[in-house]
Every structure is written in structure tokens, then in C-alpha cells.
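Q: One structure follows; several queries about it will come next.
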Amino acid sequence: MAVIICGTGSYIPPCSMDNNDIAKLVETSDEWIRERTGVVRRHVIREETTVSMAARAGRRALEQAGIEAGEVDLILVSTISSNVILPCAACEVQRELGAVNATCFDLNAACTGFLLGYNTAAAYLESGVYNTALVIGSESLSNLTNWSDRTTCILFGDGAGAAVMQKGGGRHYLPVTHSNGAKGGALTLKSRHDQSVLTGERDPEELLGPEYFMQMDGQAVFKFAVRSVPQAVEEVLEANQVKKEEISCYILHQANRRIVEAVAKRLEEPLEKFPMNLQEYGNTSSASIPILLDELVQQGKVKRGAKIVLAGFGAGLSWGASILDWA
Ligand code: UT7
Numbered sequence: 178m179a180v181i182i183c184g185t186g187s188y189i190p191p192c193s194m195d196n197n198d199i200a201k202l203v204e205t206s207d208e209w210i211r212e213r214t215g216v217v218r219r220h221v222i223r224e225e226t227t228v229s230m231a232a233r234a235g236r237r238a239l240e241q242a243g244i245e246a247g248e249v250d251l252i253l254v255s256t257i258s259s260n261v262i263l264p265c266a267a268c269e270v271q272r273e274l275g276a277v278n279a280t281c282f283d284l285n286a287a288c289t290g291f292l293l294g295y296n297t298a299a300a301y302l303e304s305g306v307y308n309t310a311l312v313i314g315s316e317s318l319s320n321l322t323n324w325s326d327r328t329t330c331i332l333f334g335d336g337a338g339a340a341v342m343q344k345g346g347g348r349h350y351l352p353v354t355h356s357n358g359a360k361g362g363a364l365t366l367k368s369r370h371d372q373s374v375l376t377g378e379r380d381p382e383e384l385l386g387p388e389y390f391m392q393m394d395g396q397a398v399f400k401f402a403v404r405s406v407p408q409a410v411e412e413v414l415e416a417n418q419v420k421k422e423e424i425s426c427y428i429l430h431q432a433n434r435r436i437v438e439a440v441a442k443r444l445e446e447p448l449e450k451f452p453m454n455l456q457e458y459g460n461t462s463s464a465s466i467p468i469l470l471d472e473l474v475q476q477g478k479v480k481r482g483a484k485i486v487l488a489g490f491g492a493g494l495s496w497g498a499s500i501l502d503w504a
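Encoded structure:
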């Protein structure tokens with residue numbers, strides 16, 4: 178038994194910041210950011226929240242699938258930047274959509290989150306536990322960004338993407354996923370609830386320290402990505418006896434143009450098979466894969482029967498790849 182994606186949706190906040198706007202905040206330039214990352218602009222929340230963007234993306238995916246909210250059995254939201262801790266973002270989305278029959282929970286696997294959400298939903302669907310799943314990646318990274326750190330603030334953006342999944346008659350593919358907690362120090366962010374409230378007063382200034390915003394060893398993450406992602410893709414192709422020539426496109430987490438180019442080169446695949454939209458949105462963590470997938474679908478660039486590889490990588494460290502047939 179296989180799964181199919183029967184609808185996609187996304188939401189991008191209209192407010193955007195281009196590289197020149199960033200250059201007013203930190204010592205950098207449009208030229209440097211374009212050359213080193215490929216990013217030109219990123220969108221940031223104003224009125225929106227992680228939950229409201231997730232709900233809008235989810236609603237659009239359901240509309241495109243032609244599925245009523247009441248038919249959804251599972252809502253899974255992947256996020257590292259929810260505006261709520263309790264209830265979980267997925268339950269808030271359930272309330273917004275009126276998906277009264279859904280079981281809802283969140284997943285935190287950073288930039289690999291949508292891929293792991295997709296795999297989790299697929300396992301539930303394939304085992305017969307649920308029939309219809311709504312998987313969403315939604316991030317308000319602008320809230321977690323240190324806007325005085327030029328090594329990170331140039332990269333990230335906000336947005337949400339969603340996919341409706343159901344059981345399908347096609348082929349079942351095994352995913353490939355990995356984690357390496359020993360290397361987790363390369364990309365970190367401390368919770369603002371990291372100390373016991375029983376141990377005494379806390380200086381509110383302390384919560385503004387850099388460890389309470391995203392911190393990254395950019396070169397370490399870069400090297401990890403360009404080595405691990407091609408390996409995961411090769412592994413998933415091998416595990417499923419699929420040849421590279423059969424793959425129509427590789428939808429990679431959108432972190433950096435140079436990472437995508439390096440992955441294409443290592444796989445000896447043409448860059449045209451690696452669509453990108455990071456120039457417009459920056460790195461939106463777990464939202465990047467479903468936003469790109471939705472854009473390709475809306476533009477009619479994903480044809481029925483196309484074999485697609487999804488590949489995610491990021492904090493954890495975590496990474497992986499999955500294959501799907503577009504129905
Ligand atoms: O979802 C996964 C999350 N993260 C990633 O995928 C990030 C992966 N890493 C990267 O994308 C890249 O490492 C960065 C874009 C973050 C940095 O690019 P880089 O080519 O690795 O630059 P670098 O850290 O080696 O820095 C080169 C130079 C340094 O100056 P010196 O020491 O050569 O004089 C930096 O201080 O560029 C300087 N620099 C900047 N200059 C202008 C660093 N950030 C900036 C900046 N503007 N924003």
C-alpha cells in the first residue's frame with residue numbers, strides 16, 4: 178500500500194525584507210548575500226502567527242484536494258517556532274479548520290521536520306490507522322532570529338506549506354532518515370523556559386542573550402549538508418531500486434543555493450532537476466519543502482506519474498530523503 182499527496186497549499190506573509198533592508202541592520206551587502214546564499218528577499222510575519230499561517234496553508238491544501246475538514250483523521254504540524262506551547266499548534270489548526278475528527282500533534286525536527294512529518298503520516302496511513310492526513314510545516318523564524326548577527330539573520334524567512342495525504346494504489350517506498358545528536362552543537366537555540374521557576378528570580382535581560390536566538394556554525398552545517406544529502410539520496414534510490422534517470426525532480430530543503438548546486442553536482446544530476454525558490458523566501462526551515470512543492474504544483478510543473486525525491490537536512494543534526502509518485 179502506498180500513499181499519495183492529493184492536495185497542497187501554502188501561505189507566505191506579504192511583508193518582505195530584501196537584502197538591502199538587512200544591510201541597514203548589520204554590516205553586510207546585497208552582493209555578499211546573493212553570492213554566498215542565493216537569497217534576495219525573505220518574507221516576515223506582521224499580523225500572522227505560526228498557527229494562523231499553518232491554518233491558511235492547510236485550508237488551501239484541503240480545498241485543492243477537494244476534501245472536507247471533517248474527513249481529516251490526522252493533523253501533524255512540524256515547527257520549531259510555534260506561538261503556542263499548549264495546546265499544540267496542530268490542535269489550534271484543528272480548531273481553525275473545524276477538523277473535528279482529527280488527532281493532532283506537533284513535531285520538532287527543524288529543517289527535516291516536513292520530511293519526517295510526511296514519513297510519519299505515511300506510516301499511519303499505510304498501517305490503516307488513519308485514512309486522511311494533513312501535514313503542515315509552518316515557521317515564524319523572524320521571532321527566533323538574532324537581528325544583530327550577520328552570520329544568521331541573512332538566511333531565514335517565515336511561511337507555511339501543507340500537503341493532504343491519503344492511501345493510494347501505487348508503489349510503497351522506504352524512506353531513508355538519519356540523526357546525529359553528537360553534532361547538534363552546530364545549530365542551536367535555547368528555550369526561554371530552560372530554567373526551573375523554583376530556583377529563584379531570573380533577570381529578564383538574560384533572555385535577550387544570543388543563546389536564546391538561533392546560533393549556527395555555518396561552515397559546519399554547510400559541509401554536513403553537501404556530504405549527507407547526496408548520500409541520503411543515493412541510499413533512498415538504492416533501497417527502492419530506483420534509478421536517477423527515473424527522478425523528475427529533487428525537492429530539497431531550501432537553505433542555500435550553493436548547497437543545492439553542490440548536491441546536484443555530487444549526484445551528477447542536472448541542476449534543472451533541482452527547483453529553487455530560496456531567492457524569494459530564504460530558509461523557512463520545515464516550511465520550505467511544502468512551499469516549494471505547492472508552487473511547482475500551482476505552476477503545473479509536477480506532472481502526473483512524476484517520481485519526486487524530497488530531501489531535508491538541518492539541526493539535530495538530522496537528514497533524510499523520501500521518494501513519491503505524483504498521482
Ligand atoms: O537549514 C539549515 C540551516 N543552515 C544552513 O544551511 C547554513 C549553511 N551554511 C551557509 O549557508 C554558509 O556557511 C553561510 C551563508 C552561513 C556563510 O557563508 P560562508 O561562505 O561559509 O562564509 P564564512 O562563514 O566562511 O565567512 C566568510 C567571510 C568571513 O570574513 P573573513 O573571516 O573571511 O574576513 C565572515 O566574517 O564572510 C564574513 N561574513 C559576512 N560578510 C558579509 C559572514 N557573514 C557575512 C555577512 N555579510 N552576512
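Just so you know, the sequence shown maps onto residues 178 to 504 in my numbering.
Think of the CB as a built atom: it goes at the ideal place given N, C-alpha and C, for glycine as much as any other residue.
1) Just the Cα atoms here: how many angstroms apart are G338 and I257?
2) Could you compute how far the alpha carbon of L351 sits from the alpha carbon of I500?
3) Could you compute how far the alpha carbon of E303 sits from the alpha carbon of I182?
4) Given a threshold of 16 other Cβ atoms within 10 Å of its Cβ, counted over all protein chains shown, does D283 qualify as buried or as exposed?
5) Assuming G314 contacts G294 under a Cβ cut-off of 8 Å, what Cβ separation, rounded to an integer in Å, is found between them?
6) Tell me which residues share the same chain as A246 and place their Cβ nearer than 7 Å to its Cβ, disregarding the 5 neighbours each side in the sequence.
7) Output the distance between the C-alpha atoms of E422 and L444, rounded to the nearest integer angstrom.
8) Among P264, L364, T297, V306, which residue has its Cα nearest to the Cα of V353?
9) At a cut-off of 7 Å, would you count Q396 as near ligand 1, judging by its Cβ distance to the nearest heavy atom?
10) Check this for me: beta carbons of E457 and V217, under 8 Å apart or not?
11) For a minimum of 3 consecutive residues, which ranges assigned as the beta strand (DSSP E) are wholly contained in the segment 404 to 476?
12) Going by the beta-carbon positions, is the gap between T329 and M393 smaller than 8 Å?
13) Determine the direct distance from the alpha carbon of V440 to that of V270, and round the result to whole angstroms.
14) Please state whether DSSP places T328 in a helix, a strand or coil.
15) On a CA-only basis, which of V403, P264, M342 is nearest A300? Give me that one, please.
16) If the criterion is Cβ atoms closer than 8 Å, does the pair N308 and F390 meet it?
17) Let me check understanding here. Comparing Cα to Cα, which of K484, R219, M453, L253 lies closest to A234?
18) Tell me which residue opens and which closes the beta strand (DSSP E) that S193 is part of.
19) Is the Cβ-Cβ distance between A310 and L251 less than 8 Å?
20) Which whole-angstrom value describes the C-beta separation of S463 and F291, a residue pair presumed to lie in contact below a C-beta threshold of 8 Å?
21) Looking at H370 and ligand 1, is the gap between the Cβ and the nearest heavy atom below 7 Å?
22) Rank A242, L321, D335 by C-alpha distance to the C-alpha of M194 and give the top, closest one.
23) Less than 8 Å between C-beta atoms, sequence neighbours within five positions excluded: which residues of the same chain meet that for S325?
24) Helix, strand or coil, according to DSSP, for G336 in the structure here?
25) Please determine, among I331, A267, A232, A498, the residue with the shortest C-alpha to C-alpha distance to N196.
26) Counting only beta-carbon separations shorter than 8 Å, does A179 have a partner in chain C?
27) Which residues mark the beginning and the end of the beta strand (DSSP E) in which R219 is found?
28) For L470 versus T185, is the C-beta spacing smaller than 8 Å?
29) Kindly identify the DSSP beta-bridge partner or partners of K484.
30) Is the beta carbon of G361 closer than 8 Å to that of G243?
31) According to DSSP, what are the bridge partners of C281?
A: Judging by the given coordinates:
1) I257 has its alpha-carbon roughly 14 Å from the corresponding atom of G338.
2) For L351 and I500, the distance between alpha carbons rounds to 8 Å.
3) It is roughly 13 Å from the alpha-carbon of E303 to the alpha-carbon of I182.
4) By the neighbour-count rule (16 or more Cβ atoms within 10 Å), D283 is buried.
5) Indeed they touch by this definition, with Cβ atoms about 7 Å apart.
6) So the list reads L239, L274, G275, A276, once near-sequence residues are dropped.
7) Their Cα atoms are separated by approximately 11 Å.
8) Per the Cα distances, T297.
9) At least one heavy atom of ligand 1 lies closer than 7 Å to the C-beta of Q396.
10) Between E457 and V217, the C-beta gap is smaller than 8 Å, which places the two residues in contact.
11) Fully enclosed beta strand (DSSP E) runs of 3 or longer: 424 to 429.
12) Yes, these two residues count as a Cβ contact at 8 Å.
13) C-alpha separation (whole angstroms): 35 Å.
14) If DSSP states are grouped into helix, strand and coil, T328 belongs with coil.
15) That would be M342, whose Cα lies nearest to the Cα of A300.
16) The answer is no: Cβ separation not under 8 Å.
17) Residue L253 is the option with its Cα nearest to A234.
18) That run of the beta strand (DSSP E) goes 193 to 195.
19) Yes, these two residues count as a Cβ contact at 8 Å.
20) Yes, they are in contact, since the Cβ atoms of S463 and F291 sit about 5 Å apart, within 8 Å.
21) The answer is no for H370.
22) Ranking A242, L321, D335 by Cα distance to M194 puts D335 first.
23) Within the same chain, S325 has close Cβ partners L202, V203.
24) Three-state result, G336: strand.
25) Taking only the C-alpha atoms, the option nearest N196 is I331.
26) Within the model displayed, chain C is absent; a lone protein chain is all it includes.
27) Note, R219: beta strand (DSSP E), 218 to 220.
28) A contact, by the Cβ cut-off of 8 Å.
29) I424, D502, per the DSSP bridge assignment.
30) No, the pair does not count as a contact, with Cβ atoms beyond the cut-off.
31) According to DSSP, which records beta bridges pairwise, C281 is partnered with I252.
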